[in-house]
Amino acid sequence: MATFTDTIASTFGLEGPGGVFIAGFIGAAIIGTVLLLFSAVAGPWAKRKITAAFTDRIAVNRVGPFGLLIIVADAVRLMSKELVIPEGADRPAFDLAPALLAASALLGFAVIPMGSLFGVNLQLADPETGLVYVFAVSSIATIALVMGGYASANKYSLLGGLRAVAQNIAYEIPLVLTAASVVLFTGTLQLSEIVAQQTEPLLSVAGVTIPAWFAFVNPFAFVLFLAANMAEVGRNPFDIPEAPTEIVAGYQTEYSSIYFVLFYLGEFLHIFLGGAIAATVFLGGPAGPVLPGFIWFTIKIWAFFLLTQWARSAIPRVRIDQLIEIGWKGMLVLSFANLILTAVIVGAFL
Amino acid sequence: MSTQKDPDDEATDAETGTDYESLLGDAYLGDDEFVNGDGVVVRADAVADVVQTLRDEAGYDHLSAVTAQQYEDRYESIYHLKRYDDPTDRVNVVVPTAASDPRSQSAANVFRTADWHEREAYDLVGVNYEDHPDLRRILLPETWQGHPMSRDYNQTKPQIVTLESHRNPLEAHHQEEESDTMFLNIGPHHPATHGVLHLETVLDGEQVADVEPDIGYLHRCEEQMAEHGTYRYQIMPYPDRWDYASAGILNEWAYARAAEELADIEVPEYAQVMRTMSAELCRIAAHTLAVGTFALDIYGDFTAIFMYAMRDREVIQKILEELTGQRMMFNYFRLGGVVWDLPEPRDEFFELTRDFLEELPERLEEYHDLISSNEIFQLRCVDTGVLPADVAKDYGVTGPVARASGIDYDLRRDDPYGYYDQLDWDVVTDDGADNYSRLLVRLQEVEESAKIIEQCLDLLEDWPEDDRTIQSNVPRTLKPEADKEVYSAVEAAKGELGIYIRADGTDKPGRFKIRSPCFSNLQSLPEMAEGEYVPDLVAALGSLDIILGEVDR
Chain Y
10 MATFTDTIAS TFGLEGPGGV FIAGFIGAAI IGTVLLLFSA VAGPWAKRKI TAAFTDRIAV
70 NRVGPFGLLI IVADAVRLMS KELVIPEGAD RPAFDLAPAL LAASALLGFA VIPMGSLFGV
130 NLQLADPETG LVYVFAVSSI ATIALVMGGY ASANKYSLLG GLRAVAQNIA YEIPLVLTAA
190 SVVLFTGTLQ LSEIVAQQTE PLLSVAGVTI PAWFAFVNPF AFVLFLAANM AEVGRNPFDI
250 PEAPTEIVAG YQTEYSSIYF VLFYLGEFLH IFLGGAIAAT VFLGGPAGPV LPGFIWFTIK
310 IWAFFLLTQW ARSAIPRVRI DQLIEIGWKG MLVLSFANLI LTAVIVGAFL
Chain G
4 MSTQKDPDDE ATDAETGTDY ESLLGDAYLG DDEFVNGDGV VVRADAVADV VQTLRDEAGY
64 DHLSAVTAQQ YEDRYESIYH LKRYDDPTDR VNVVVPTAAS DPRSQSAANV FRTADWHERE
124 AYDLVGVNYE DHPDLRRILL PETWQGHPMS RDYNQTKPQI VTLESHRNPL EAHHQEEESD
184 TMFLNIGPHH PATHGVLHLE TVLDGEQVAD VEPDIGYLHR CEEQMAEHGT YRYQIMPYPD
244 RWDYASAGIL NEWAYARAAE ELADIEVPEY AQVMRTMSAE LCRIAAHTLA VGTFALDIYG
304 DFTAIFMYAM RDREVIQKIL EELTGQRMMF NYFRLGGVVW DLPEPRDEFF ELTRDFLEEL
364 PERLEEYHDL ISSNEIFQLR CVDTGVLPAD VAKDYGVTGP VARASGIDYD LRRDDPYGYY
424 DQLDWDVVTD DGADNYSRLL VRLQEVEESA KIIEQCLDLL EDWPEDDRTI QSNVPRTLKP
484 EADKEVYSAV EAAKGELGIY IRADGTDKPG RFKIRSPCFS NLQSLPEMAE GEYVPDLVAA
544 LGSLDIILGE VDR
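These protein sequence lines map, in sequence, to chains Y and G.
Quick note, our numbering runs 9 ahead of the 1-based positions in the first sequence.
Quick note, our numbering runs 3 ahead of the 1-based positions in the second sequence.
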């Protein structure tokens with residue numbers, strides 16, 4: 010199936026490497042805008058409403074219908090704030106960190122097959138190493154957090170940055186290993202191919218066909234993946250790099266105004282990217298009945314967003330040493346066990 | 004040694020008491036008279052020996068407070084000692100020192116809790132304690148000039164100290180080249196300090212190597228303000244401002260009890276029931292807030308459990324508003340009773356309160372579902388912030404914190420006042436001594452308080468209409484005899500809230516000293532937190548449930 014870039018190129022008659030570049034640029038702008046709409050506009054509003062529902066409150070309801078116009082007010086408020094840069098901040102690093110965080114998540118979306126809308130396939134690029142690429146770019150986020158934490162010249166930021174590294178290293182490995190167990194089934198790293206292989210029916214019960222989504226084929230891996238993903242995006246019970254009440258706000262303590270917005274945005278984008286990876290690898294990507302693929306894809310990543318907010322409202326945070334212990338002694342062992350078992354099953358029966 | 008409990012006539016203790024002269028040897032100078040309890044005057048250079056003898060040989064293992072004051076011809080430090088197993092057995096060790104050079108031996112090496120209390124006495128009154136491990140100001144800034152509660156203090160002296168000469172808060176902790184620890188200021192502005200508390204923390208990686216609470220940011224001269232108010236009306240509003248997190252009525256009771264004992268005022272039974280009921284409502288409100296904010300420290304965000312706690316507290320706030328006319332600053336007690344009866348129509352008030360009590364078990368069930376039976380929560384709280392019973396006693400820890408360390412000490416039962424001794428309820432204790440136990444104790448105490456309120460409501464409903472006396476006859480101007488002294492305490496939300504009053508023959512107290520439970524409890528924080536991780540330090544602080552308004556006064 011033609012990628013979004015190809016579609017744009019052929020529609021506008023762009024040819025050659027230059028044409029593909031321009032087409033890719035246009036496509037990326039469109040996809041990026043959609044994502045920013047999710048994360049910067051709908052995200053904070055939805056977060057308020059969801060958290061309020063969990064905690065017996067009403068949340069925003071005065072500005073516009075359902076308080077939707079609070080988004081505008083929020084944007085104006087955040088952007089009009091003074092940008093305070095602490096004395097002794099390590100300048101280029103301090104400025105780069107927020108942008109890098111948001112960029113690393115946006116880059117990940119380049120290869121995610123987001124389904125089709127009006128017959129147009131919304132996937133910017135479809136390299137054969139798609140899965141590896143996604144994990145590689147999304148882990149750049151860790152560097153951004155360390156940069157921000159270290160460059161802020163603040164002890165709380167430093168602690169937060171260090172916590173972020175410790176946490177991401179501990180949870181990146183189980184995350185990738187669990188995804189690798191899916192690759193054993195598919196035999197490919199190409200994301201469109203992984204999605205395609207999940208469209209086959211797994212079994213049929215009373216006329217309802219259950220598709221071969223890897224969440225159904227290997228639910229154990231799916232649960233592991235979700236848990237590791239939760240740590241990867243830094244949400245409860247694994248929100249220790251931020252940990253308000255302990256280290257104030259961790260790596261973002263000293264960030265204000267537009268830099269803070271970028272950090273915030275980056276975090277939301279990472280949640281959505283985490284949801285997108287989970288949807289692509291385990292939930293059949295954009296697959297679903299009746300509605301167009303892109304709508305299903307949107308529903309799936311929002312479901313993951315809802316899950317993170319639910320966890321945030323209901324689950325306490327673990328301690329840093331406990332987190333590392335769970336990561337290295339629990340998740341890592343389990344994900345290796347999962348990988349080996351899957352390998353044995355795939356080798357013996359398929 | 005008297006172990007006899009006789010709450011109706013507490014003054015008998017003085018007569019049946021110990022033979023202090025033979026017990027204390029040549030440190031003994033004479034007896035002093037206190038309204039409830041013994042008083043013994045001792046030599047200033049033998050304080051440590053005296054309190055040690057009293058603790059080890061006579062069993063006075065609880066140093067409630069240290070009061071310092073200045074007379075015309077001398078300074079005086081009073082060590083208020085009692086026993087954890089029988090708080091009605093009290094002895095006040097009076098240590099006079101010369102007016103020209105007030106030097107007195109420190110008791111901090113015998114009772115750890117004396118450390119902070121003596122620092123406060125030094126800070127405000129100006130008595131120098133020799134052999135004190137770390138005698139410096141505690142409530143006022145390091146740069147303060149003079150001792151504001153001494154008689155020769157110049158009230159008009161400006162206290163503005165320029166920024167240059169301000170002590171650098173990091174000075175003493177400046178990192179050495181070789182050191183691999185990090186000094187971290189937690190607070191005074193930090194999400195977990197529950198007010199303005201400053202923790203000077205030394206971290207080794209993520210572990211706490213050393214922590215020292217720095218208090219005084221909320222010092223409002225409450226003692227001095229009380230000394231400038233008349234007994235009858237002007238002091239009562241102040242207690243609401245000590246532990247301001249919904250525990251106002253419990254604080255008011257501390258003052259009411261001390262002043263009533265001092266001036267020998269009877270309280271009608273009906274008023275006692277009203278007092279008991281309203282005080283327990285306050286206790287529930289204070290404990291739900293404590294549980295909510297503790298959960299906030301563990302969860303790290305304003306999550307469901309915090310909001311649930313606030314929601315339930317709000318209902319009590321509403322009930323208290325109906326009763327007292329105020330949500331927080333109740334000013335409901337009067338000497339000799341309460342200010343007014345239940346709001347009319349009484350039935351509506353009973354219904355409102357009973358509805359709340361009916362729903363409470365369900366709410367508590369929800370709390371247990373969400374927090375105490377949550378595995379991750381247990382992972383965080385069980386066996387962290389451990390405070391063993393003997394250490395707790397050394398620090399004069401009281402209230403839910405002491406009861407969670409297995410110390411069976413509750414003044415409502417052990418030193419009965421109000422209507423408590425005629426109601427059916429239990430003192431909750433737990434042997435865990437950790438953060439988790441402190442949470443459980445608070446949650447169970449809410450249940451016990453609900454039981455007390457229920458019984459009070461039954462009593463109030465059936466009370467004959469012509470016998471509803473809410474206040475006894477108290478003279479408009481109270482002038483207790485000069486040099487009459489009393490130290491008496493009640494079980495407030497956070498523990499033993501004691502008041503020492505010395506009358507000087509006028510209608511205002513000569514000395515008014517507040518023994519804050521939070522003050523003593525907070526001092527034990529380093530014991531709980533050192534060697535633990537930063538999150539456990541925060542959890543331990545949350546489980547102590549301090550209110551800075553009461554710590555700093």
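Every residue, glycine too, gets a C-beta built ideally from N, C-alpha and C.
- For Arg366 of chain G, the closest Cβ of chain Y is not nearer than 8 Å.
- Exclusion of the five residues before and after Pro136 of chain Y leaves Val120, Tyr142 and Gln199 as the residues of its chain whose Cβ lies within less than 8 Å of its Cβ.
- At a Cβ-Cβ threshold of 8 Å, Asn131 of chain G and Pro151 of chain G do not count as neighbours.
- Taking a C-beta distance under 8 Å as the contact criterion, Arg66 of chain Y and Met280 of chain G do not qualify as a contact pair.
- Val94 of chain G is positioned such that its CB atom lies no closer than 8 Å to that of Val128 of chain G.
- Each residue's CA atom was taken as its position, placing Gly508 of chain G and Tyr236 of chain G some 17 Å apart.
- Chain G has a Cβ within less than 8 Å of the Cβ of Ile324 of chain Y.
- Put simply, the backbone Cα of Glu533 of chain G is about 14 Å away from that of Val394 of chain G.
- In this structure the stretch 139-157 of chain G lies against the stretch 208-224 of chain G, because at least three pairs of beta carbons, one per stretch, are closer than 8 Å.
- Pro325, Arg326, Val327, Arg328, Ile329, Asp330 and Gln331: these are the residues of the stretch 325-347 of chain Y whose beta carbon lies less than 7 Å from some beta carbon of chain G, given in chain order.
- Interface residue (Cβ-Cβ distance to chain G less than 8 Å): Phe272 of chain Y is not classified as such.
- Closest option to Phe303 of chain Y, judged by alpha-carbon separation, among Y:Ile40, Y:Gly22, Y:Phe21 and Y:Phe34: Y:Ile40.
- The C-beta of Pro253 of chain Y comes closer than 8 Å to at least one C-beta of chain G.
- Here Gly356 of chain Y is exposed: its Cβ has fewer than 16 other Cβ atoms, across all protein chains shown, within 10 Å.
- In this structure Leu57 of chain G touches Leu84 of chain G by the C-beta definition: roughly 6 Å separates them, less than 8 Å.
- One finds Thr254 and Glu255 in chain Y with Cβ atoms closer than 8 Å to the Cβ of Val541 of chain G, taken in chain order.
- Interface with chain G (8 Å Cβ-Cβ cutoff): Thr187 of chain Y is excluded.
- Here Phe30 of chain Y is exposed. Its C-beta has fewer than 16 other C-beta atoms within 10 Å.
- In the structure shown, the three-state DSSP call for Gly302 of chain Y is helix.
- Just so you know, the alpha carbons of Asp434 of chain G and Lys396 of chain G end up roughly 14 Å apart.
- If you draw a straight line from the Cα of Asn254 of chain G to the Cα of Phe515 of chain G, it comes to about 14 Å.
- Per DSSP, Gly259 of chain Y lies in no beta strand (DSSP E) and is assigned neither H nor E.
- Along the stretch 304-329 of chain G, going in chain order, the ones with a CB nearer than 8 Å to a CB of chain Y are Asp304, Phe305, Thr306, Ala307, Phe309, Met310, Tyr311 and Arg314.
- For a cut-off of 8 Å, the C-beta gap from Gly259 of chain Y to Ser166 of chain Y is around 7 Å, short enough to register as a contact.
- Interface flag for Arg57 of chain Y against chain G is unset, since no Cβ pair is found closer than 8 Å.
- For Glu133 of chain G, the secondary structure class from DSSP, reduced to helix, strand or coil, is strand.
- When rounded, the separation of the alpha-carbon atoms in Ala261 of chain G and Thr91 of chain G is 14 Å.
- If you look at Arg366 of chain G, you'll find it in the alpha helix (DSSP H) that goes Arg349 to Tyr370.
- Exposure of Ile349 of chain Y is indicated by the presence of fewer than 16 other C-beta atoms within 10 angstroms of its C-beta.
- In the DSSP assignment, Gly339 of chain Y falls outside any alpha helix (DSSP H) and carries neither an H nor an E.
- About 14 Å separates the CB atoms of Ala496 of chain G and His197 of chain G; that is not less than 8 Å, and the two are not in contact.
- Three or more Cβ pairs closer than 8 Å define a contact, and the stretch 309-323 of chain Y falls short of that threshold against the stretch 261-268 of chain Y.
- With respect to the 8 Å criterion, Leu500 of chain G and Ser475 of chain G are not classified as neighbours on the basis of their beta carbons.
- In the three-state DSSP reduction, Asp300 of chain G falls in the helix class (H, G or I).
- Within its own chain, the residues whose Cβ lies closer than 6 Å to the Cβ of Ala212 of chain G, once the five positions on either side in sequence are excluded, are Thr184 and Val205, listed in chain order.
- Rounded to whole angstroms, the gap between the alpha carbons of Asp248 of chain Y and Gly336 of chain Y is 14 Å.
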